[in-house]
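Accompanying notes for the structure given below.
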Amino acid sequence: MSDNQLTKHFQDQIDQEVKIEPKDWMPEGYRQMLIRQISQHAHSEVIGMLPEGNWISRAPSLRRKVALLAKVQDEAGHGLYLYSAAETLGIDRDELIAQLHQGKAKYSSIFNYPSLTWADMGAIGWLVDGAAIMNQVMLTRTSYGPYARAMVRICKEESFHQRQGYEILLTLVRGSEDQKAMAQDSLNRWWWPALMMFGPNDEDSVHTQQSMAWKIKRKTNDELRQQFIDATVPQADYLGLKVPDPDLKWNDERGHYDFGPIDWDEFWQVVKGYGPCNRQRMRDHIAAHEEGAWVREAALAYAEKRAARLETAVA
Ligand code: FAQ
212 MSDNQLTKHF QDQIDQEVKI EPKDWMPEGY RQMLIRQISQ HAHSEVIGML PEGNWISRAP
272 SLRRKVALLA KVQDEAGHGL YLYSAAETLG IDRDELIAQL HQGKAKYSSI FNYPSLTWAD
332 MGAIGWLVDG AAIMNQVMLT RTSYGPYARA MVRICKEESF HQRQGYEILL TLVRGSEDQK
392 AMAQDSLNRW WWPALMMFGP NDEDSVHTQQ SMAWKIKRKT NDELRQQFID ATVPQADYLG
452 LKVPDPDLKW NDERGHYDFG PIDWDEFWQV VKGYGPCNRQ RMRDHIAAHE EGAWVREAAL
512 AYAEKRAARL ETAVA
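Residues in the sequence shown are numbered consecutively from 212, following my numbering.
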């Protein structure tokens, strides 16, 4: 088949909702788009462990500690599935990590904000996992098979994360005045960064149009952001907390909440590396990667030894 015929066949498959698999022919742009998005997603899961890891040793009870520990371990697992999904596209995990360390690959802006109080563990679960689920439920229908399948399990785990976060806040708002104030302060600090997780407005989103044509993304950044706001505001009401947006108002005509302007200058500053914790996050990840070199070497040596033993047994 000529390149044109291959491209047409590929797009027909996408239009008929047939999943693209690793050995199928795909345009180079599709492969690159997926490597970019899946690797950024993987990096986000792994860097996303850091703000919460910060609180494992300070959780207020054994029950909270166990739940938080399990959540953080889940995020590591999500990173691993996603790196594996990216590797099916013909790129090595080492190379993806090198791109992260060299500042060539992004990760979600949200993880460059500090987790200052215990209430932040609630807000991260409720808002950050909540926003992640909104985006990832859409991705269970993405056109690339390995990515779509990884998302199914990830979404199930993220729902548990979201609920554990909400329950932390529910406990705080039913506690003392100080605890309720701590929950409100946390919502004040995480609300806007959570809305930024969905990426720039549609008119400024460079990849959306192509990504939607290839059915990698199935909804635009603005559609998902609105869906998140509509779902989350009633949850804030139930907690008795105030969303820090004076323009937030239900619009009967639209059937959605109207909301105030997002500070896109802040968003781009954070994305470009100048957020409150960018340097610290990268420093911690590089240190952990270097300190873990012996584990990777040992695993590799073991795999080689096992393969050699199997070869001798077969011979
Ligand atoms: N932060 O043209 P678009 C989680 C970049 S997982 C940083 O709209 P696209 C779990 C974008 O990469 C959270 N950069 O891009 C958890 C592009 O730059 P590039 C992560 C951002 O791809 C919870 C440029 O701006 N989830 O939280 C951000 O069509 C709790 C132009 O943007 C995913 O990664 C941002 N927020 O749409 C873990 C989901 N937004 O690459 C631990 C998969 C945009 O050209 C604790 N990703 N940029 O240099 C996606 O759905 C999409 O990639 C979007 C962006 C929606 C993030």
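Here a beta-carbon is modelled for each residue, glycine too, at the ideal position from N, C-alpha and C.
Looking at residue 248 and the ligand FAQ, is the gap between the Cβ and the nearest heavy atom below 7 Å? yes
If we call anything under 8 Å between Cβ atoms a contact, is residue 232 one with residue 356? yes
Since I believe residue 411 is in contact with residue 432 (beta carbons under 8 Å), could you give me their beta-carbon distance rounded to a whole number of angstroms? 6 Å
What do you reckon, are the CB atoms on residue 369 and residue 343 nearer than 8 Å? yes
Apart from the five residues just before and just after residue 320, which ones in its own chain have a Cβ nearer than 8 Å to its Cβ? 404, 407, 408, 478, 481, 482 and 486
Proximity test, residue 476 beta-carbon vs the ligand FAQ heavy atom, cut-off 7 Å: no
So, with DSSP's three-state summary, where would you put residue 497? helix
Could you name the residues of the same chain whose beta carbon sits closer than 8 Å to that of residue 471, not counting the 5 residues immediately before and after it, in chain order? 456, 457, 458 and 459
Given this structure, state the Cα-to-Cα distance separating residue 286 from residue 429, to the nearest angstrom. 24 Å
What is the residue span of the beta strand (DSSP E) that residue 461 lies within? 460-462
Starting from residue 340 and walking both ways along the alpha helix (DSSP H), at which residues does that stretch end? No alpha helix (DSSP H) holds residue 340; DSSP gives it neither H nor E.
Residues of its chain near residue 359, where Cβ-Cβ distance is below 8 Å and the 5 sequence neighbours each way are ignored: 230, 350, 351, 352 and 353
Grab me the residues of residue 348's own chain with a C-beta within less than 7 Å of its C-beta, minus the 5 sequence neighbours each way, in chain order. 366
Can you give me the start and stop residues for the beta strand (DSSP E) that residue 413 sits inside? Note, residue 413: premise wrong, no beta strand (DSSP E); not H, not E.
Quick check: the stretch 247-266 against the stretch 376-392, are at least 3 beta-carbon pairs closer than 8 Å? no
Report yes if the C-beta distance between residue 328 and residue 393 is below 8 Å; otherwise report no. yes
Let me check understanding here. Comparing Cα to Cα, which of 345, 522, 281 and 424 lies closest to residue 219? 424
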